[in-house]
Amino acid sequence: MKPISRREFISKILNTGVGLSLWPLVSACSDVAGNRSFHKKIVILGIDGLDPDLLRGFIGEGVMPNFQRLMGHGSFSRMQSSIPPQSPVAWSDFTVGASATVHGIYDFIHRDPKTMIPYFSTSQVLESKHSIGIGDWKIPLSSGKVKLLREGKAFWEYLEEAEIPATIYKMPGNFPVASRRANCVSGMGTPDILGSYGTFSFYTTAPTLKYKEVTGGRIFPVAIRENKIVSELIGPVNSLKKEQSNIKLPFLVWIDPQNNVAKIQIQNCELMLTPGEWSDWIQLSFDYLPHVKSTKGICKIFLKQIRPEFEMYISPINIDPTEQALPVTSPTSYGKEIVQKIGLFGTKGLPADTKALSYGVLSDEQYLQLSQQILDENKKALQFEMDRLQSRSGGVLFFYFSNIDQDSHMFWRAIDKKHPQYSSTMMGRHADVIRDLYVEMDRVLGDVYQTFDLRDDRFRLIVMSDHGFAPFYRCFNLNTWLLRNGYISLSHGGSEDDTTFFQNVDWSKSKAYGLGINALYLNIRGRERYGIVSDQDGPQLLMKLRKELLDLKDPVTGANAISRVWLGKDLFHRGDDKVPDMIIGWNRGFRSSWETILGGFPPDVFVDNDDKWSGDHCIDPMLVPAVLLSNKKITLQYPSLHDVTATILAECNIPIPGYMTGKPLYLI
Amino acid sequence: MFGSKIKLDKDLLDRCEQYAQEAGYSSVEEFITHALEKELRNTRKKSDETEEIAKSLKGLGYID
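Taken in sequence, the protein lines are chains U and D.
If you're matching positions, the first sequence starts at 16 in the numbering used here and goes up one per residue.
If you're matching positions, the second sequence starts at 146 in the numbering used here and goes up one per residue.
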């Protein structure tokens, strides 16, 4: 099987029954009785991006009494993040209890060295080999496959073997989900129904120049005629059709000429919305072959305004958890069970719409409204799972929250006067956004205390993050720097303006390139398709690059852009052509630029970060440590993510496998 | 067949002639034209594919 593009992502596999093929071993009932001799209840709250310094500060202000109580009862510690401190890497470290040597995830983005095509590191779609053409239709004859690229054995697989009931709710890098006994909901890395990691739709009568070209979404100009707007919602590509066009759902908006209200009609759904109002999740069906093959998605509609210009936002279309186009829960019945208890819930891996905020499609307030809805949904799901665990004699619950991470990315500008996007207006309106989020998580902790007794020795509570947070002031264009310093050459006639994806790079004269957020690769002979650097020359070249990069100073601030670098071969001991040759630890305030991550060459080496995405963590991991709290005293000094994994197994009386590098946090 | 002349390394040309003969091409020009068209098609396809992948990745938020 060969890898295929995301364009064909959903359509290829929906038509070939992949959903069923991925769940051969699951039981029909998600409520497993389990090991009756296990009487411990373990809850792990995974709060992405929870920062130790911010947390300590807010605790000091007295606004986080529940975290304070946990600190007093047990321990609060900084925790080592992964190298690099990116969520797919860090949560994979936690999942398998070891580094990328075991799980093979080095960055959000990996590349195929033979084609230089980038892909999301934790999952891949493989197409079916054979199809037949009948008229306008192209019918696949065998199943395609979605493949989880994270390797190694997840800690919950050990729990399954010991028949300990486990629920793993939205663990990043766990898509597609497949489990024998544990209940799992997939997390970061779960695509929307288009196969992308988030594509919103925005319909407006305003001149579209106002919204220029956007990424992470599409802008559709519409016109009002006789108080009506007719348009289409773009669905997945129909790969059963030979021309591979998108499935489109027509919709109608009726605008009340007297009142400030609109009626939206799409498929069987009719909604009345007033400006500033969000719909609940609505279910939509996309037909591949009418009456034969369709797939389901869910989305939210936000009527931004009606007058003077009409503006309507439709969220990325999530995979419907009740009729799953791709495996987002394991077993499948678990998705329906959650929906019965809490209603429809979002399944896209990163649920907040940061791109819609970056481009002004959603305002700060509107983005935060959606963020709050996501949090409320998660709180309901957590309560449901805590009640289930409480009703059992024992078990393990991991529950993930994304809000602090995504909202810290977007609102760091509100708390940091040095950020280029900071303004006093911003400070006035949103100065407390991040603090309020931390306070919300404190309330979540309060809910845990309502359900479980913190002092019960058979109850273990662990609160952890994967990394902390830092400002993102300045962008560094790594590929531009490599070009200016002779490590990359462009083909004759190629210009820097059109070199996205290294299109005009002359690989026969290029020695190194950056791809991903923290990764640098050499153009190695025999590994890269047009590699020129020999195995003998590689180490010396890396030493030279390391020195030059570590010496590099921002001409505006005078600060070093990079504080540490690691050689891939020193960190990751596997013969894998995915291993970056160098991991770059950006200094506080710096990060790789937006464009250089996918092989672009913006003109300047350093530029201000003018995006609302103003905080980041993909830097030197020593500068963004994670957080660890527990209701039992932690005796290990400066623990790591791997130690939490080892602790879970130890608490469950499961021997810690030799390849795991962690140690239990507690003295028995 | 060619509208203008292209210089090729002698060894490469010899290998092209040999392959063209073995593979049943009527001339070396026909083989080279076919090979170049195929490569250009692949490059265009790869470029479209990469663009689509980029679009999908941009929804993560970390890339623009």
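Just so it is clear, CB atoms sit at the ideal spot from N, CA and C, and this is done for glycine as well.
Every value quoted in this text rests on a predicted model; they were computed, and no experiment measured them.
Does residue i get closer than 8 angstroms to chain U when you measure Cβ to Cβ?
i              : result
I198 (chain D) : yes
K203 (chain D) : yes
E184 (chain D) : no
A165 (chain D) : no
What does a CB cutoff of less than 8 angstroms around residue i pick up in its chain, not counting 5 residues either side in sequence?
i              : result
P640 (chain U) : P67, R93, M94, Q95, S96, H482 and G483
P595 (chain U) : Y121, D122, G531, N533, A534, L535, Y536 and G583
K351 (chain U) : P336 and T337
K363 (chain U) : T205, P206, D207, Y212, G213, P331, N333 and I334
Does any C-beta atom of chain D lie closer than 8 angstroms to the C-beta of residue i?
i              : result
G677 (chain U) : no
I98 (chain U)  : no
M94 (chain U)  : no
I612 (chain U) : yes
T495 (chain U) : no
T214 (chain U) : yes
T344 (chain U) : no
T230 (chain U) : yes
I649 (chain U) : no
L397 (chain U) : no
L365 (chain U) : yes
C44 (chain U)  : Here the model assigns C44 (chain U) a pLDDT of 41, short of 50, so the residue's position is not dependable, and the following value carries that caveat. Output row for C44 (chain U): interface = no.
Where DSSP assigns a beta bridge to residue i, which residues make up the other side?
i              : result
K366 (chain U) : One point to set straight first is that residue 366 (chain U) is Pro, not Lys, in the sequence displayed. According to DSSP, which records beta bridges pairwise, P366 (chain U) is partnered with nothing at all.
T182 (chain U) : U:N198 and U:L412
F135 (chain U) : U:I124
I449 (chain U) : Beta-bridge pairing links I449 (chain U) to no other residue.
P236 (chain U) : U:T219
R540 (chain U) : U:E543
Y328 (chain U) : U:F217 and U:F317
R333 (chain U) : Residue identity differs from the one stated: residue 333 (chain U) is Asn in this sequence, not Arg. BP columns for N333 (chain U) point to U:I313.
K153 (chain U) : U:G148
S107 (chain U) : BP columns for S107 (chain U) are empty, so no partner.
G529 (chain U) : U:L535
S645 (chain U) : U:S90 and U:I477
In chain D, which residues lie less than 8 angstroms from residue i when you measure between Cβ atoms?
i              : result
K370 (chain U) : K203, G204 and G206
I132 (chain U) : K191, E194, T195 and I198
P331 (chain U) : G204
I532 (chain U) : Y207
I want to verify the contact list: residues of chain D whose CB lies under 7 angstroms from the CB of residue i, in sequence order.
i              : result
W609 (chain U) : I208 and D209
S211 (chain U) : K200, S201 and G204
H424 (chain U) : G206
W628 (chain U) : G206
I124 (chain U) : L202
L505 (chain U) : Residues of chain D passing the Cβ test: none, with the nearest at roughly 16 angstroms.
Apart from the five residues just before and just after residue i, which ones in its own chain have a Cβ nearer than 7 angstroms to its Cβ?
i              : result
D468 (chain U) : F474
C161 (chain D) : V173, F176 and I177
F170 (chain U) : T110, G112, T660, I663 and L664
L567 (chain U) : N575, A576 and I577
I239 (chain U) : T220, I270 and F325
I321 (chain U) : I270, N275, A277 and P290
H632 (chain U) : G64, P100, H482, G483, F484, A485 and V639
H306 (chain U) : none
Using a Cβ-based criterion (distance less than 7 angstroms to any ligand heavy atom), does residue i qualify as near the ligand ZN?
i              : result
D122 (chain U) : Looking for the ligand ZN in the displayed structure turns up nothing, as the structure carries no ligands at all.
Which chain U residues sit within Cβ distance under 7 angstroms of residue i?
i              : result
E174 (chain D) : What E174 (chain D) touches in chain U: nothing, since even the nearest Cβ is about 24 angstroms away.
Using the beta-carbon of each residue, which ones in chain U are nearer than 8 angstroms to residue i?
i              : result
S192 (chain D) : F516 and Q518
Output needed for residue i: all residues of its chain with C-beta closer than 6 angstroms, excluding positions within five of it in sequence on either side, in chain order.
i              : result
L37 (chain U)  : Since pLDDT at L37 (chain U) reaches only 37, below the 50 mark, its modelled position is unreliable, and the value read off the structure follows with that caveat. The answer, listed in chain order, is P191, A193 and P342.
A115 (chain U) : Y121 and F587
V448 (chain U) : F426 and A429
H118 (chain U) : S107, V111, R165, E166 and G167
I297 (chain U) : C284
Determine, for residue i, whether the minimum Cβ-Cβ distance to residues of chain B falls below 8 angstroms.
i              : result
F135 (chain U) : Here chain B cannot be found, since the structure's protein chains are U and D.
For the region 549-633 of chain U, list the alpha helix (DSSP H) runs that are entirely contained and at least 4 residues long, ordered along the chain. 553-566 and 583-586
Secondary structure, beta strand (DSSP E): runs of 3+ residues fully inside the region 341-427 of chain U: For the beta strand (DSSP E) assignment, the uninterrupted runs of no fewer than 3 residues enclosed by the region 341-427 of chain U are, from N- to C-terminal side, 410-416.
Completely contained beta strand (DSSP E) runs for the region 43-94 of chain U, where each covers 3 or more residues: 56-62 and 90-94
My parser needs the alpha helix (DSSP H) runs of 4 or more residues fully inside the region 456-488 of chain U; what are they? none
Length-filtered (3 minimum) beta strand (DSSP E) runs lying within the region 240-310 of chain U: 243-252, 261-270, 277-281, 284-288 and 297-304
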